[in-house]
Amino acid sequence: MSVLIDRNTRVIVQGMGKTGRFHTDTAVAYGTRMVGAVHPSRAGQTEVFEGATDHSGVPGRGDTYHEELPIFRTVREARAATDATATVIYVPPPFAADAIMEAADAGMELIVCITEGIPVADMVKAKGYLASRSSRLVGPNCPGVITPGECKIGIMPGYIHEAGRIGVVSRSGTLTYEAVHQLTQAGLGQTTAIGIGGDPVNGTNFVDCLKMFQDDPATEGVIMIGEIGGSAEEDAAKWTTEHMTKPVAAFIAGTTAPSGKRMGHAGAIISGGKGTAADKIAALRDAGVVVAPTPTDMGAAMQEALAG
Amino acid sequence: MKIHEFQAKELMQARGIPVPLGIPVTSVAEAVAAVEPLIERSGNPVVVLKSQIHAGGRGKGRFAEHPDLGGVNVVLEGKDGGVEAAKGRVRELAAKMLGSTLVTVQTGPAGKKVNRLYLEQGIDIARELYLSVVLDRGASRNVVMVSTEGGTEIEEVAAATPEKILRAEIDPGLGLLDFQARELAFGLGLDGAAYKNGVKFITALAAAAVELDTDLIEINPLVVTADGGVMALDAKMSFEANALYRHPDVQDMRDLSEEDAAEIEASNYGLSFIKLDGTIGCMVNGAGLAMATMDIIKYVGGEPANFLDVGGGAEKEQVAAAFKIITRDPNVRGIFVNIFGGIMKCDTIAQGIVDAVGEVGLQTPLVVRLEGTNIDLGKQILDESGLNILSAADMKDGAQKILEASR
């Protein structure tokens, strides 16, 4: 079991530029069921992917792969022709919010938006648009979602993951890899790892992910990786207190971050004394979450939480 | 991106939002020359001389060189002495303020040099209110906030008397609706002409926030004048970086002299860099990991000299630029490179480090922690380089090693 995606998830890609092509290739190599692409001016063509199989991904495949993805004009056409339920977006920032809304209108169940640098106002509109539709958006500005050994949607390196017991949810990219790596080293593995992204307006938040992991029988514990800015971690702490029965560990980045400075991510900023790491850590500890004192201790914190 | 008060007021005036008359000046002569035309146009012999820096708290702030002088000064001399008396006082004040260092609660103890003043008409204030438009992350919408407690820090109001802050969410499709503006104006206790002017002001400001992609507009105080006018006495505006490409006119307002030179250079290389006060320089891939690296340096007893995210797809040139920027800081006594290679391969990074060190030299200890794709190749490149690079097993090990080596 897993959340959001599994071996049967059929995925299309919006945005087939250099980045989109590169990461689609690694997804196909991993064994993700990529079934089509959307490109308004290249419809009717096919995009060919071939190379050496990534054996850290879906087991039981040959050593090489050859896939020809049909290109469609619109998401609606792609969905009708392929029965895909998920889409991944690599469209450049000025056009990415429109790509999200197109995917939602076409009824895609899961929309994973990797694009970094989308104007907040565009995301405010897209979020408003999604409110009256049933799609789930993950991201933007995120590494994506992976269920190890089954399906990889996004830019994370597949081989550091291992199928296992822990749900991972994170606002940051490489820090997620750090956590995943430690869980793999500790022999715990991951059920699904979800990068929710570092932007102030995003589709899926910590609470959404905690709910999914709570309901997933295979997930025995959850690690959440937060950072300064906003109050999503405090909301997660509240939800954990009220509803979560599974052990939760956490790490919050930005204890030393100065106020008023945007720390790389648009959402990672302490403003007006709010959104500090200290507040978030205190809220999580009050909720019984084991908070790792340093990023090197994330795997150990998860083990401690599991041990109760 | 932040802009100055006078620039924010220019943008507001161009959108029909009432602001006092004012003239920006950069020299004492310009300041003195601006007094007469300003008094003539406004009909008010009182003028105000305001320091223009990218930081708040200017009124209560003090100049390092003139501890008894604040950053905002009202010139009353024109009332009795006429234009010449006003000019004399402006000359005296401008000479002290320009080129001096203003220290406010927001600048930190180092303060900021004042290169520009804004000479503004005096306003006959009846009431001071608060108005802002800011992103509410929880609601994923912009929200208009108003309060009767103008002139004070809104965080203090929010903490002490949260019921005195009223808010209305801006629908992304519809904008701020008329009834919302009316409710806010009534909530501020406005009536008569001030009510009508207040509704207009709030509506126009909400529209400006959406049009300009601001991440903050704060009018504090918003003043009601004796004759029922409503205008912005102060104005703070900052813009969302991802949307700046849509607003070339706003981009032109960027004042590089207000920003850190190293941070500007870093941004030209696509690096995200923030200067801090410590001694351990950091180079990391990814914003979250970069913050976590600063944290772990502090955790083991050190102080980070910077935040530096080289990004997910850094090339050799960016690694070299990052090295140069870090090593230029005279406080740096050691450098910690922390890379989790995913898409980015460790051997590429290692080669970039070796080349960069070859180019810029290495005066301080260097600890490198590599993890991820092609880790063995990367370590081999570092080992065979002959450079004095300490290798770390994990982040904590790296932080401890660089701390010891830099002592």
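Taken in sequence, the protein lines are chains D and L. Note that the working numbering has the first sequence beginning at 1, numbered continuously upward. Note that the working numbering has the second sequence beginning at 1001, numbered continuously upward. Where a beta carbon is used, it is the ideal one built from N, C-alpha and C, also for glycine.
Could you tell me whether the Cβ atoms of residue i and residue j are closer together than 9 Å?
{"i": "residue 208 of chain D", "j": "residue 136 of chain D", "result": "yes"}
{"i": "residue 223 of chain D", "j": "residue 168 of chain D", "result": "yes"}
{"i": "residue 1311 of chain L", "j": "residue 157 of chain D", "result": "no"}
{"i": "residue 1002 of chain L", "j": "residue 1211 of chain L", "result": "no"}
{"i": "residue 1283 of chain L", "j": "residue 1331 of chain L", "result": "no"}
{"i": "residue 1336 of chain L", "j": "residue 1309 of chain L", "result": "no"}
{"i": "residue 1388 of chain L", "j": "residue 1403 of chain L", "result": "no"}
{"i": "residue 229 of chain D", "j": "residue 269 of chain D", "result": "yes"}
{"i": "residue 1044 of chain L", "j": "residue 1122 of chain L", "result": "yes"}
{"i": "residue 1424 of chain L", "j": "residue 266 of chain D", "result": "A query on residue 1424 of chain L cannot be resolved here, the shown segment of chain L reaching from 1001 to 1407 and no further."}
{"i": "residue 1146 of chain L", "j": "residue 1165 of chain L", "result": "yes"}
{"i": "residue 1020 of chain L", "j": "residue 1216 of chain L", "result": "no"}
{"i": "residue 1277 of chain L", "j": "residue 1243 of chain L", "result": "no"}
{"i": "residue 1086 of chain L", "j": "residue 1028 of chain L", "result": "no"}
Please state whether DSSP places residue i in a helix, a strand or coil.
{"i": "residue 55 of chain D", "result": "coil"}
{"i": "residue 1115 of chain L", "result": "coil"}
{"i": "residue 1393 of chain L", "result": "coil"}
{"i": "residue 102 of chain D", "result": "helix"}
{"i": "residue 231 of chain D", "result": "coil"}
{"i": "residue 192 of chain D", "result": "strand"}
{"i": "residue 1171 of chain L", "result": "strand"}
{"i": "residue 246 of chain D", "result": "coil"}
{"i": "residue 142 of chain D", "result": "coil"}
{"i": "residue 152 of chain D", "result": "strand"}
Can you check DSSP and say which residues form a bridge with residue i?
{"i": "residue 1038 of chain L", "result": "Bridge partners of residue 1038 of chain L: none, in fact."}
{"i": "residue 1225 of chain L", "result": "L:1125"}
{"i": "residue 1346 of chain L", "result": "Answer is none; residue 1346 of chain L lacks a bridge partner."}
{"i": "residue 111 of chain D", "result": "D:87 and D:137"}
{"i": "residue 66 of chain D", "result": "D:50"}
{"i": "residue 1341 of chain L", "result": "L:1372"}
{"i": "residue 1002 of chain L", "result": "L:1238"}
{"i": "residue 1306 of chain L", "result": "L:1275"}
{"i": "residue 1018 of chain L", "result": "Looking at the DSSP assignment, residue 1018 of chain L forms no beta bridge with any residue, so it has no partner."}
{"i": "residue 1231 of chain L", "result": "L:1223"}
{"i": "residue 1136 of chain L", "result": "L:1141"}
{"i": "residue 1130 of chain L", "result": "L:1147"}
In angstroms with no decimal places, state the Cα-to-Cα distance between residue i and residue j.
{"i": "residue 1246 of chain L", "j": "residue 1016 of chain L", "result": "21 Å"}
{"i": "residue 1249 of chain L", "j": "residue 1010 of chain L", "result": "11 Å"}
{"i": "residue 1356 of chain L", "j": "residue 1319 of chain L", "result": "7 Å"}
{"i": "residue 1143 of chain L", "j": "residue 1173 of chain L", "result": "14 Å"}
{"i": "residue 152 of chain D", "j": "residue 125 of chain D", "result": "28 Å"}
{"i": "residue 1325 of chain L", "j": "residue 1334 of chain L", "result": "13 Å"}
{"i": "residue 1175 of chain L", "j": "residue 1199 of chain L", "result": "14 Å"}
{"i": "residue 1049 of chain L", "j": "residue 1373 of chain L", "result": "59 Å"}
{"i": "residue 27 of chain D", "j": "residue 241 of chain D", "result": "37 Å"}
{"i": "residue 313 of chain D", "j": "residue 211 of chain D", "result": "Beyond the ends of chain D as shown, which are 1 and 308, falls residue 313 of chain D; an answer cannot be given."}
{"i": "residue 1363 of chain L", "j": "residue 1323 of chain L", "result": "11 Å"}
{"i": "residue 1114 of chain L", "j": "residue 1101 of chain L", "result": "6 Å"}
{"i": "residue 1401 of chain L", "j": "residue 1370 of chain L", "result": "14 Å"}
{"i": "residue 1091 of chain L", "j": "residue 1084 of chain L", "result": "10 Å"}
{"i": "residue 1072 of chain L", "j": "residue 1230 of chain L", "result": "21 Å"}
{"i": "residue 1207 of chain L", "j": "residue 1348 of chain L", "result": "48 Å"}
{"i": "residue 1026 of chain L", "j": "residue 1188 of chain L", "result": "37 Å"}
{"i": "residue 1069 of chain L", "j": "residue 1167 of chain L", "result": "36 Å"}
{"i": "residue 164 of chain D", "j": "residue 10 of chain D", "result": "22 Å"}
{"i": "residue 1379 of chain L", "j": "residue 296 of chain D", "result": "20 Å"}
{"i": "residue 1096 of chain L", "j": "residue 1064 of chain L", "result": "11 Å"}
{"i": "residue 83 of chain D", "j": "residue 108 of chain D", "result": "10 Å"}
{"i": "residue 249 of chain D", "j": "residue 93 of chain D", "result": "33 Å"}
{"i": "residue 104 of chain D", "j": "residue 1393 of chain L", "result": "45 Å"}
{"i": "residue 15 of chain D", "j": "residue 48 of chain D", "result": "15 Å"}
{"i": "residue 287 of chain D", "j": "residue 23 of chain D", "result": "38 Å"}
{"i": "residue 67 of chain D", "j": "residue 50 of chain D", "result": "6 Å"}
Anything in the region 149–179 of chain D with a Cβ closer than 9 Å to a Cβ of chain L? List those residues in chain order, please.
Answer in chain order: 155, 156, 157, 159, 160, 170, 171, 172, 173, 174, 175, 176, 177 and 178.
Against chain D, which members of the region 1031–1047 of chain L pass a CB distance test of less than 7 Å?
So nothing in the stretch comes that close.
Along the region 1112–1138 of chain L, where does the CB come closer than 8 Å to a CB of chain D? Name the residues.
Of all residues in the region 1112–1138 of chain L, 1135, 1137 and 1138 have a Cβ within less than 8 Å of some Cβ in chain D.
Residues in the region 1359–1382 of chain L with C-beta within 9 Å of chain D's C-beta atoms, listed in sequence order?
Residues passing the 9 Å Cβ filter: 1371, 1372 and 1373.
Quick one, which residues of the region 97–121 of chain D are near chain L if we go by CB-CB under 8 Å, in chain order?
Near chain L, meaning a CB-to-CB distance below 8 Å, the residues of the region 97–121 of chain D are 117, 118, 119, 120 and 121.
Anything in the region 1190–1217 of chain L with a Cβ closer than 9 Å to a Cβ of chain D? List those residues in chain order, please.
Of all residues in the region 1190–1217 of chain L, 1210, 1213, 1215 and 1216 have a Cβ within less than 9 Å of some Cβ in chain D.
Relative to chain L, which residues along the region 227–254 of chain D have a C-beta separation below 7 Å, given in chain order?
Cβ contacts with chain L come from 227, 230, 231, 253 and 254.
Can you pull out the residues from the region 1233–1251 of chain L whose beta carbon lies closer than 8 Å to at least one beta carbon of chain D?
Taking 8 Å as the Cβ-Cβ cut-off against chain D, the residues of the region 1233–1251 of chain L that qualify are 1240, 1241, 1242, 1243, 1245 and 1246.
What residues in the region 1283–1298 of chain L have a beta carbon less than 9 Å from any beta carbon of chain C?
This model lacks chain C altogether; the protein chains it does include are D and L.
Using a Cβ-Cβ cut-off of less than 7 Å, list which residues of the region 1341–1360 of chain L approach chain D; keep chain order.
For the region 1341–1360 of chain L, the set of positions with a beta-carbon nearer than 7 Å to some beta-carbon of chain D reads 1342 and 1343 in chain order.
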